[in-house]
Amino acid sequence: MARIGLVAHDDKKDDLCRWAEAHKDKLVQHELWGTGTTGSRITAATGLAVSLLKSGPLGGDQQLGAMICEGRLDVLIFFIDPLSAQPHDVDVKALTRLATLYDVPLANNKSTADAVLAAV
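For the sequence shown, position 77 matches number 77 in UniProt numbering, and the numbering has no gaps at all.
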């Protein structure tokens with residue numbers, strides 16, 4: 001069982017919810033963690049149990065980063081909106097930097113998320 005972090009920018013939350021719905025049978029086998037809004041929306045859309053952290057801009061991205069540093073997260077699925085400026089861009093960059101530094105598989109879009117989920 002993998003410990004999977006789930007987060008998405010506002011304009012990508014619907015995409016992540018659709019992706020989670022399509023992969024519900026596989027995701028239910030894993031321990032899921034999500035930032036507040038994203039995790040709540042995934043639970044509402046799929047019925048999957050997602051342990052909720054703070055909303056991303058309120059510290060949820062940093063909580064996921066801490067989990068990576070502590071070895072408590074195996075995969076990060078983070079649907080990023082490359083076309084919108086994010087007010088908490090520093091936190092977003094820190095989270096992706098930590099996933100890279102600690103060699104945690106990081107999926108930023110549906111195609112990569114499909115491949116990462118198939119591998120766990």
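Think of the CB as a built atom: it goes at the ideal place given N, C-alpha and C, for glycine as much as any other residue.
None of these values were measured; they are calculated from a predicted model.
When DSSP reads this structure, Ile77 sits in a beta bridge with Leu6 and Ala107. In the DSSP annotation of this structure, the continuous segment of the beta strand (DSSP E) that includes Glu31 starts and ends at Glu31 to Gly34.
Residue environment: Leu76 is assigned as buried (16 or more neighbouring CB atoms within 10 Å of its CB, all protein chains considered).
Of the other Cβ atoms in all chains shown, fewer than 16 fall within 10 Å of the Cβ of Leu101; this residue is therefore exposed. Taken through DSSP and simplified to helix, strand or coil, Ser55 comes out as coil.
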